[in-house]
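S.K.:
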Amino acid sequence: MRFMHLLTFLFILSSCTILTKEECESIDWVQKGSKDALEGRTNDEFQDYQMACSENGVKISKRSYYKGFIQGLRKFCTYESGYQFGLQDRYYRSTCPPKAGKKFLRGYNQGIKEAELQEREEELNRREQELQEESEDS
């Protein structure tokens with residue numbers, strides 16, 4: 342039970358955005374928006390950044406962040422990107438707009454299937470190795 346509480350605490354802590362005043366002032370918000378989109382995050386991240394920076398007395402540019410975010414989405418919301426995202430077995434948060442999302446999801450679903458096949462193959466290889474070791478010990 343304590344372990345679950347610790348995991349919950351760590352999840353909540355990791356979801357909080359902690360930025361110093363210096364970071365808020367020095368971040369290239371166009372680049373940050375693009376990076377978030379390319380990592381499959383949603384643009385809701387901006388609200389966390391805005392809150393963290395306002396606590397440090399820094400106003401950040403929503404326009405700059407969203408400009409970068411849209412640029413990142415153009416690169417992220419593709420079949421190829423979806424495939425890689427799925428292959429890495431990453432969670433997709435419906436970041437892409439509907440039309441581009443269809444392409445992304447086709448790739449994502451294919452990547453997920455391939456990741457599952459790779460996982461099964463690895464499990465079979467491990468099991469085969471275990472059986473070989475058992476037969477050698479007999």
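Taken in order, the sequence shown gives residues 342 to 479; the numbers are from my numbering.
No residue lacks a Cβ here, since even glycine has one placed at the ideal position from N, Cα and C.
Computed from a predicted model, the values in this text were never measured in an experiment.
In three-state terms, what does DSSP make of Gly398?
M.R.: Residue 398 sits at position 57 when you count from the first residue of the sequence shown. Coil.
S.K.: Start and end of the alpha helix (DSSP H) containing Asn466?
M.R.: Here residue 466 is taken as the residue at index 125 of the sequence shown, counted from 1. Asn466 -> alpha helix (DSSP H) spans 439–478.
S.K.: Taking the CB atoms as reference points, tell me whether Leu360 and Ile368 lie closer together than 9 Å.
M.R.: For this step, residue 360 is matched to residue 19 along the sequence shown. For this step, residue 368 is matched to residue 27 along the sequence shown. Their beta carbons are under 9 Å apart, which means Leu360 touches Ile368 by this criterion.
S.K.: Can you have a look at Tyr390 and say buried or exposed, based on whether 16 or more other CB atoms are within 10 angstroms of its CB?
M.R.: The count along the sequence shown starts at 1 and reaches residue 390 at position 49. Flag for Tyr390 reads buried.
S.K.: Classify Leu347: buried if its beta carbon has 16 or more other beta carbons within 10 angstroms, exposed otherwise.
M.R.: By one-based count along the sequence shown, residue 347 stands at place 6. Note that Leu347 scores a pLDDT of 47, beneath 50, so its modelled location is shaky and nothing firm can be said.
S.K.: Ile368 by DSSP, collapsed to three states: which one?
M.R.: Locating residue 368 in the sequence shown gives position 27, where the first residue counts as 1. Looking at Ile368 - three-state DSSP - the assignment turns out to be coil, as it is neither helix nor strand.
S.K.: Should Gln388 go down as buried or exposed, given a rule of 16 or more other Cβ atoms within 10 Å for buried?
M.R.: Looking up residue 388 in the sequence shown gives position 47. Exposed, by the Cβ-count rule.
S.K.: Is it true that the CB of Arg434 sits closer than 9 Å to the CB of Gly374?
M.R.: As a position in the sequence shown, residue 374 is number 33, starting the count at 1. As a position in the sequence shown, residue 434 is number 93, starting the count at 1. No, Cβ-Cβ distance for Gly374 and Arg434 is not below 9 Å.
S.K.: With contact counted as at least three CB pairs below 8 Å, one residue from each stretch, are the region 446–456 and the region 423–431 in contact?
M.R.: A contact exists between the region 446–456 and the region 423–431.
S.K.: Mapping the DSSP letters down to three states, classify Phe352 as helix, strand or coil.
M.R.: On the sequence shown, residue 352 is found 11 positions in, with the first residue counted as 1. Its pLDDT being 45, under 50, Phe352 is placed unreliably in this model, and the coordinates cannot settle the point.
S.K.: If you compare alpha carbons, which of Cys437, Tyr420, Glu457 is closest to Asp430?
M.R.: Against the sequence shown, residue 430 aligns to sequence position 89. Of the listed residues, the one whose Cα sits closest to Asp430 is Glu457.
S.K.: Go through its chain and collect everything with a Cβ distance to Ile401's Cβ below 7 Å, but skip five positions before and after it.
M.R.: Indexing the sequence shown from 1 puts residue 401 at position 60. Cβ neighbours of Ile401 beyond the five flanking positions: Cys365, Trp370, Tyr390, Gln391, Cys394.
S.K.: Here's a check: name, in chain order, each residue in its chain whose Cβ is nearer than 8 Å to the Cβ of Arg447, leaving out the five neighbours to either side.
M.R.: What you label residue 447 is simply residue 106 of the sequence shown in a count that begins at 1. Counting only Cβ-Cβ distances below 8 Å, and skipping sequence neighbours, we find Tyr420, Gly423.
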